[in-house]
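Each remark here refers to the structure printed beneath this line.
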Amino acid sequence: MSGGGGVGELPRKEASVLKGHEGAVLAARFNADGNYCLSCGKDRTIRLWNPHRGILIKTYKAHGREVRDVHCTQDNSKLSSCGGDRQVFYWDVATGRVIRKFRGHDSEVWYDRSVRAWDCRSHSTEPIQIIDTFLDSVMSVSLTKSEIIAGSVDGTIRTFDIRIGREISDDLGQPVNCIALSNDGNCILASCLDSTLRLLDRLFLFSCVLTEEVSANLAYLLTVSFLLQSYKMDCLLTNNDACVTGGSEDGIIFFWDLVDASVVTSFRAHASVVTSVSYHPTDSCMISASVDGTIRVWKT
1 MSGGGGVGEL
11 PRKEASVLKG
21 HEGAVLAARF
31 NADGNYCLSC
41 GKDRTIRLWN
51 PHRGILIKTY
61 KAHGREVRDV
71 HCTQDNSKLS
81 SCGGDRQVFY
91 WDVATGRVIR
101 KFRGHDSEVW
111 YDRSVRAWDC
121 RSHSTEPIQI
131 IDTFLDSVMS
141 VSLTKSEIIA
151 GSVDGTIRTF
161 DIRIGREISD
171 DLGQPVNCIA
181 LSNDGNCILA
191 SCLDSTLRLL
201 DRLFLFSCVL
211 TEEVSANLAY
221 LLTVSFLLQS
231 YKMDCLLTNN
241 DACVTGGSED
251 GIIFFWDLVD
261 ASVVTSFRAH
271 ASVVTSVSYH
281 PTDSCMISAS
291 VDGTIRVWKT
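Here UniProt numbering is used: the first residue of the sequence shown is 1, the next is one more, and so on.
Here's what the structure looks like:
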C-alpha cells in the first residue's frame, strides 16, 4: 500500500505502543525494508523492535551517556549510534557486540561544530575526513552517493561534494534543527528553531551556484500551530513525497501538502514532545518517539 497524500491514506491510527525505555526516547528509525525499527534514548540503550507485532527483540548496551541517534546499514547486519560519549559506536546487530568505536570528536558528537567520516571497512578508529567550516553545532546530516549535507545551529545548510571537494552553503537565517532529503533527491526539508519548516529546491540552488547568482531557493515556510523552539526533533517527507510531516513540542504530529503547504491533517500523538518520526519505505506506516518514553506505531 502506498503512503499516499489523502487524509484517509495517511497513517494516523495508533496500531501499537512500544514501551521499555526508561526516560525520553530521542530517536526511532525504521530499518531499510521497514520490517523492524530501532530506538535510542536517555537511558543509554538501543532497542530493536518488530513494530508491526509490538515486540521488543533485543537491547544493546554499551554507551555511557544518552544515545541521541541510531541507524541501520542497508543489509541490516550492522548499526551505528552516537550521543554524549564523543564516539560513534559500530555494532553487530545479531550478536549485540560493539565492533568498533570511532573516535575524533572533541566533544559530544553534534557539539564540536564538525562532521567526521570513517571507513567502516578499515580497522582504524580515526576519521578519514573532517569538515569543520561550521560556526556552531551540527544538528543533522543526510547523505547521497556523492554528497554530505549538514544542517547547523549557525543557520546554514552546507552541501559537500566529496568527488570534487566543493562546498555549497545556503543560509536560512535561523538555527537549523533537522534536515531531510526528498525521496527524489531534488529538495531539502529543514526544520528551524523559529517553529518553521522550510523546503528548499536543490536544483535551483545548484544553478545559482554555477551562475554565481545569489541563492534564493526557499520554496515555502510551514508554520501553522507548529511548535519547535527548544528540542532536537525530526522532519521528513512521506515515501511518495506527497506530504511533509513532523512532530511538535506539544505532542502533535502534522502533515502538510508538499505543493501548497496547507495542513492536510494533524493529531495528538504523545503526551509530551515528539522527538522523532520515521516513515516506512513503502507502506503507509509511521513510527514516532517522544519524551514521554514511548514509541508509537501509526497506520491507516
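By construction, the Cβ of each residue, glycine as well, lies at the ideal position given by its N, Cα and C atoms.
All figures in this text were calculated on a predicted structure; none of them were measured in a lab.
Contact set for residue i: own chain, Cβ-Cβ below 8 Å, skip 5 residues either direction
i, result
"Thr-275", "Ala-24, Val-25, Leu-26, Ala-27, Tyr-231, Lys-232, Met-233, Asp-234, Gly-247, Ala-289, Ser-290 and Val-291"
"Leu-236", "Ala-180, Leu-189, Val-244, Thr-245, Gly-246, Val-277, Ser-278 and Tyr-279"
Beta-carbon contacts of residue i that lie in its chain and below 7 Å, excluding the five residues immediately before and after
i, result
"residue 303", "The requested residue 303 does not occur in the structure, where the chain is confined to residues 1 to 300."
"Gly-84", "Arg-65, Glu-66 and Glu-108"
"Asn-239", "Gly-3, Asn-183, Tyr-279, His-280, Pro-281 and Thr-282"
"Ser-191", "Asn-177, Cys-178, Leu-197, Leu-228, Met-233, Cys-235 and Gly-246"
"Ala-62", "Phe-89 and Val-98"
"Asp-161", "Ser-146 and Glu-147"
"Gly-20", "Arg-47 and Leu-56"
Three-state class that DSSP yields for residue i in the structure shown
i, result
"Leu-172", "coil"
"Arg-202", "helix"
"Ser-284", "coil"
"Val-224", "For Val-224, the predicted structure reports a pLDDT of 45, less than 50, and the residue's modelled location is therefore unreliable. A value from the coordinates is still provided. Of the three classes helix, strand and coil, the one that applies to Val-224 here is coil, per DSSP."
"Glu-9", "helix"
"Val-277", "strand"
"Glu-14", "strand"
"Ala-271", "coil"
"Lys-61", "strand"
"Thr-262", "The amino acid at residue 262 is misidentified as Thr; the sequence shows Ser. Here Ser-262 sits in coil by DSSP."
"Ser-39", "strand"
"Val-291", "coil"
"Glu-249", "coil"
"Arg-53", "coil"
"Ser-191", "strand"
"Thr-28", "Reading off the sequence shown, one finds Ala at residue 28, where the question assumed Thr. In this structure, Ala-28 counts as strand in the three-state DSSP scheme."
"Gly-240", "Note that residue 240 corresponds to Asn in the displayed sequence, not to Gly. Coil, per DSSP."
The beta strand (DSSP E) enclosing residue i, as first and last residue numbers
i, result
"Ser-182", "Looking at the DSSP string, Ser-182 is not in any beta strand (DSSP E), and its letter there is neither H nor E."
"Gly-23", "Careful: Gly-23 lies outside any beta strand (DSSP E) and carries neither H nor E."
"Thr-300", "Thr-300 -> no beta strand (DSSP E), and no H or E assigned at all."
"Asn-50", "45 to 50"
"Arg-68", "67 to 72"
The ligand NAD heavy atom lying under 7 Å from the CB of residue i
i, result
"Asp-170", "Absence of the ligand NAD from the depicted structure is noted, as is the absence of any ligand whatsoever, leaving it without description."
Cβ-based neighbour list, residue i, same chain, cut-off 6 Å, excluding 5 preceding and 5 following
i, result
"residue 301", "Limits of the chain in this structure are 1 at one end and 300 at the other, which puts residue 301 out of reach."
"Ser-16", "Gly-54 and Val-297"
Enumerate, from N- to C-terminal direction, the unbroken beta strand (DSSP E) stretches of 3 or more residues contained entirely within the stretch 76 to 164.
78 to 83, 88 to 92, 98 to 102, 115 to 117, 129 to 131, 138 to 143, 147 to 152 and 156 to 161
Taking one C-beta from the stretch 27 to 47 and one from the stretch 56 to 72 each time, how about it: are there three or more such pairs within less than 8 Å?
yes
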